[in-house]
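Q: Mind looking over this structure? Questions follow.
Protein chains: 2
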Amino acid sequence: MIEDREPVRVALLGCGTVGTEVLRLLRERPAEFAARTGAPVEVTGVAVRRPHKHPDVPEHLITTDAHALVEGDVDLVVELVGGIEPARSLLLAALRSGKSVVTANKALLAEYGSELFAAADESGVDIYFEASVAGAIPLLRPLRESLAGDRINRVMGIVNGTTNYILSAMDASGSTYSEALEEAGELGYAEADPTADVDGFDAAAKAAILASLAFHTRVTATDVHREGIAGVSAGDIAAAQGLDRSVKLLSICERVVDDDGTEAVSARVHPAMIPKSHPLAGVNGAFNAVFVEAESAGQLMFYGQGAGGSPTASAVLGDLVAVARNLVESGKGPRESAHAQLPVQSMGSTPTRYHISLDVEDKPGVLSQVASTFNEHDVSISVVRQEGRGEDASLVVVTHVAPDSALRSTVDAIARLSVVRDVVSVMRVEGESS
Amino acid sequence: MIEDREPVRVALLGCGTVGTEVLRLLRERPAEFAARTGAPVEVTGVAVRRPHKHPDVPEHLITTDAHALVEGDVDLVVELVGGIEPARSLLLAALRSGKSVVTANKALLAEYGSELFAAADESGVDIYFEASVAGAIPLLRPLRESLAGDRINRVMGIVNGTTNYILSAMDASGSTYSEALEEAGELGYAEADPTADVDGFDAAAKAAILASLAFHTRVTATDVHREGIAGVSAGDIAAAQGLDRSVKLLSICERVVDDDGTEAVSARVHPAMIPKSHPLAGVNGAFNAVFVEAESAGQLMFYGQGAGGSPTASAVLGDLVAVARNLVESGKGPRESAHAQLPVQSMGSTPTRYHISLDVEDKPGVLSQVASTFNEHDVSISVVRQEGRGEDASLVVVTHVAPDSALRSTVDAIARLSVVRDVVSVMRVEGESS
């Protein structure tokens, strides 16, 4: 009988929204978890900072001494504290004393992932982290395992719900960034201090994790080029709509191949226009979705809820079952694979495309001046739309792919042209060929 | 050095489109596979029926004696033969002699899955089968592993590319079923004998596999209620368009809860109308997508290419790396989980919704006669649209959820009403609440 087997003893670090849900499900469905794991799963301790804030947690489980808990009589540590410290020290202590780990801590993994993986490897234990990216969406396991026999060329995702909510609202109602941010705050989609979301820190941490898995290369959050959405104007959104495109904050991880065949990884977070026909364009509100292009598999998309207590608990519990089963079966999950060790490319030399919207004087020779500026910077033009409005004219240019630094210099040079009255909008273009 | 480790010896059964691609990638990228597996991966034999048809396979690898190959000096057998025999005997022989198995054989798994799982369990080896459903889309691993801590309530998917191509073509061009089938054949999207696809056998085998994994219950292809698309008329498609819906052939696996709380599984394949706003409605042509609803995770969708040599090879190789790594690490993947053993519900008692389009006489009292027929069968009406056209009228009814048998009897009774001239279209409705 499964019930008679030695239980897998679980320590829970942190008991907020996600932890409460994890604890509830483990305690309400012991038979299901035992059947899926091959042994009973028993929570033996819950470490919190303020015990009186957790009246629903049985008193005998609660402790404020997280270090004693992870180094004590447990097999598996679930970390839901978040942030760098004390999470990092706790997990290193757990791994070094032979405990397997399940964590949802993207910031920690994006910065200290290799230290944690090395500690897990030395002790021969598991570290699983599906919940760290895109909440409930099974994404890391597919990248790490299902596509292990393929070659991934590109991962492009909407992995931050707050910014997606804001951009969706701006697109739907024509509101400004500040108005949409305020609304998101009122509805609980944005935190009191929204910096981590709107400035792209959250998306960059996730991009680092995705790039590491997809390209078998160590990529940290500081390797990721990061631009947030605070600079996205109602004009940018309108310009996108005029070209049948949507503006999304994208986490992009790409295998870039030089002319001489040298491979590198580009990892970046920035707002970009994508065609309305792209599967990611229809991902609105707080939903997340990740688009993957692999050599053999072709195009794949994963879609679902990226945050929230229940969805994140689902991902944590899926990992918990996998790790617990490995403990019962004396198996081991996949370890860190950084064998490819590709260099990380700078943003300046990363090939991108720009959409540029200008107010120019409506007189002969303007287009030729603008066009020759592109030409001087070796940037080739894909689409031009000029519309006269009497004294001035609106000029929209979409480029072909060129190094990002060349595109930036082009924009700077164009802004200095006397015939250019205003650079209305500059936005990268993704999700279409050439 | 990984290169110096004992290699994982792989036998390949069958070398068609998928097998050729698997062999090519394994031979062209030995370092990548070694790094991901932890040991070199070596193909030691390829069993085919007609050796002269495979000039690209090195002669020393080719054999026509598949049984000798699987029982010989190999660690892992990849089966890409398809069909029931000899695949079944070969895989049982392989598993019983301690070889792990990777297979893409949906028909075999849907019928003899539990026999194979039992054999794998007895020998303590792995059987993986990601490629058997939805080609390259990582779907079985997420269901089997990522959602192992969740409770799945519904899996609804477009898992057959041929029928989706035909229905998409009918929707786009207004062509009849026969015209669209002919076009699909000419373009290579339908086989010379399209029965397995258009009559829903392929989708039913996949539904059985999905239901088994999602509900921890043994479901075979014969448990799956099956209706194909040959009866879908241009009128059905037009009726769907009139209500802003699309017609799709859906594989549906559902947890059904009776009034008294008893749980059962419904597994069925049939064409149905879904709202154009549903994520599955936009899945066109030969693409596949599967929509999953889980208690904690909420709604998830997986999208990608469901067939073809390269996409299927990607799924096979992902499994191959996982199984090979288990061999190197002395680990073991998840075994069959049928602990819930829920009963399979008959189609008649499964709750569904119908869309019914009628030609009726345009005179007083017709609607009341039709409505009371619904009432007599305890079927409640959600939407009615009547449009007079002189002598006759068009009447569209969408019901609320009712047992399928009650809905069928209602349609039969309505067809017998003297005021009803023609039952133009009857189609189930999925993907919306109530």
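Sequence lines, in order, name chains A and B. Heads up, the first sequence is in the working numbering, so the first residue is -15 and it goes up one at a time. Heads up, the second sequence is in the working numbering, so the first residue is -15 and it goes up one at a time. We put the CB at the ideal spot given by N, CA and C, even for glycine.
Rounded to whole angstroms, what's the CA-CA distance from A/Ala174 to A/Thr146? Just pull it up for me.
A: Computed Cα separation, rounded: 6 Å.
Q: Can you give me the start and stop residues for the beta strand (DSSP E) that B/Glu238 sits inside?
A: Note, B/Glu238: beta strand (DSSP E), Arg229 to Val241.
Q: Just to confirm before moving on: does the CB-CB distance between A/Arg425 and B/Pro318 stay below 9 Å?
A: Past the edges of chain A, shown from -15 to 418, lies residue 425 of chain A, and the structure says nothing about it.
Q: What does a CB cutoff of less than 6 Å around A/Ile236 pick up in its chain, not counting 5 residues either side in sequence?
A: For A/Ile236, where only same-chain residues beyond five positions count, the Cβ hits under 6 Å are Met140 and Arg252.
Q: When the Cβ atoms of the stretch 116 to 130 of chain A are set against those of the stretch 296 to 304 of chain A, are three or more pairs found closer than 8 Å?
A: Because the criterion of three Cβ pairs below 8 Å is met, the stretch 116 to 130 of chain A and the stretch 296 to 304 of chain A touch.
Q: Just the chain A side, please: which residues come within less than 9 Å of B/Pro327 by C-beta, in chain order?
A: The contacting residues do not exist; B/Pro327 stays about 18 Å from chain A at best.
Q: Of the residues that make up the stretch 277 to 289 of chain A, which ones have a beta carbon closer than 7 Å to any beta carbon in chain B?
A: Residues Ala278, Ser280, Ala281, Gly282, Gln283, Leu284, Met285, Phe286, Tyr287, Gly288 and Gln289.
Q: Going along the chain, which residues of the stretch 303 to 323 of chain B sit with their C-beta nearer than 9 Å to a C-beta in chain A?
A: Result list: Asp303, Leu304, Val305, Ala306, Arg309, Asn310, Glu313, Ser314, Gly315, Lys316, Gly317, Pro318, Arg319, Ser321 and His323.
Q: Along chain A, in chain order, which residues have C-beta atoms closer than 7 Å to that of B/Ala104?
A: Those do not exist, as B/Ala104 stays about 13 Å from chain A at its closest Cβ, beyond 7 Å.
Q: Hey, does A/Phe358 have any beta-carbon neighbour from chain E nearer than 9 Å?
A: Among the protein chains of the structure shown, namely A and B, there is no chain E.
Q: If you measure between the beta carbons of B/His361 and B/Ala324, is that distance less than 9 Å?
A: No.
Q: Determine the contact status of B/Ala205 and B/Ala192, defining contact as a CB-CB distance below 9 Å.
A: Going by C-beta atoms, B/Ala205 is nearer than 9 Å to B/Ala192.
Q: For chain B, find out if any of its Cβ atoms is closer than 9 Å to the Cβ of A/Gly3; answer yes or no.
A: No, A/Gly3 does not count as interfacial toward chain B.
Q: Any residues in the stretch 100 to 128 of chain A with a beta carbon nearer than 7 Å to a beta carbon of chain B? Which ones, in chain order?
A: Residues passing the 7 Å Cβ filter: Glu114, Ala120, Ile121, Pro122, Arg125 and Pro126.
Q: So is A/Pro24 in contact with chain B if we call contact Cβ pairs under 9 Å?
A: False, the Cβ-Cβ gap to chain B never drops below 9 Å.
Q: Does A/Asn89 come out as helix, strand or coil in the three-state DSSP assignment?
A: Three-state result, A/Asn89: coil.
Q: Residues in the same chain with beta-carbon distance under 7 Å from A/Ile46, minus the five sequence neighbours each way, listed in chain order, please.
A: The answer, listed in chain order, is Val30, Val32, Pro35 and His38.
Q: If the criterion is Cβ atoms closer than 9 Å, does the pair B/Gly212 and B/Gly169 meet it?
A: No. Outside cutoff.
Q: Starting from A/Ala156, find everything on chain B with Cβ-Cβ shorter than 9 Å and list it in chain order.
A: What A/Ala156 touches in chain B: nothing, since even the nearest Cβ is about 15 Å away.
Q: By how many angstroms is the C-alpha of B/Leu391 removed from the C-alpha of B/Ala248?
A: Straight-line Cα distance between these residues: approximately 20 Å.
Q: So, helix, strand or coil for A/Met285, using DSSP?
A: Strand, per DSSP.
Q: Would you list the one or two residues that DSSP bridges to B/Thr4?
A: DSSP lists no partner for B/Thr4.
Q: What are the complete beta strand (DSSP E) segments, minimum 3 residues, inside the stretch 43 to 114 of chain B?
A: The qualifying runs are 60 to 63 and 84 to 87.
Q: Quick check: is the beta carbon of A/Val300 nearer than 9 Å to any beta carbon in chain B?
A: Closer than 9 Å: yes.
Q: Expressed to the nearest angstrom, what Euclidean distance is found between the alpha-carbon atoms of A/Asp388 and A/Val267?
A: So the alpha carbons of these two residues sit roughly 27 Å apart.
Q: Does B/Ser418 come within less than 9 Å of chain A when only Cβ atoms are used?
A: Reliability fails at B/Ser418, whose pLDDT of 48 lies under 50, so the model's placement of it is uncertain and no value is given.
Q: Between the C-alpha atoms of B/Arg(-11) and A/His200, what's the straight-line distance to the nearest angstrom?
A: Answer to the nearest angstrom: the Cα atoms are 21 Å apart.
Q: According to DSSP, simplified to helix, strand and coil, what is B/Gly219?
A: Here B/Gly219 sits in helix by DSSP.
Q: Could you check whether the stretch 284 to 301 of chain B touches the stretch 274 to 291 of chain A, counting it as contact only if at least three pairs of C-beta atoms, one from each stretch, sit closer than 8 Å?
A: Touching, yes, given that three or more Cβ pairs across the two stretches are closer than 8 Å.
Q: Quickly, what does DSSP pair B/His339 with across the bridge? List them, please.
A: Paired residues: B/Val382 and B/Met411.
Q: Looking at chain B, is there any beta carbon in it that lies within less than 9 Å of the beta carbon of A/Gly141?
A: Chain B, which has no Cβ nearer than 9 Å to the Cβ of A/Gly141, makes this no.
Q: By a C-beta neighbour count over all protein chains shown, 10 Å radius and 16 as the cutoff for buried, is A/Ile429 buried or exposed?
A: Missing from the structure shown is residue 429 of chain A; chain A here goes from -15 to 418 and no further.
Q: Which of helix, strand or coil does DSSP assign to B/Gly29?
A: In this structure, B/Gly29 counts as strand in the three-state DSSP scheme.
Q: Is there a C-beta anywhere in chain B that falls below 9 Å from the one on A/Leu131?
A: Answer yes: the Cβ-Cβ gap between A/Leu131 and chain B drops below 9 Å somewhere.
Q: Identify the contact partners of B/Ala19 in chain A, using a Cβ-Cβ distance below 9 Å as the criterion.
A: Within 9 Å Cβ-Cβ: His200, Ser321, His323 and Ala324.
Q: Would a C-beta distance cut-off of 9 Å place A/Ala(-5) and A/Thr28 closer than the cut-off?
A: Result yes, Cβ atoms of A/Ala(-5) and A/Thr28 sit closer than 9 Å.
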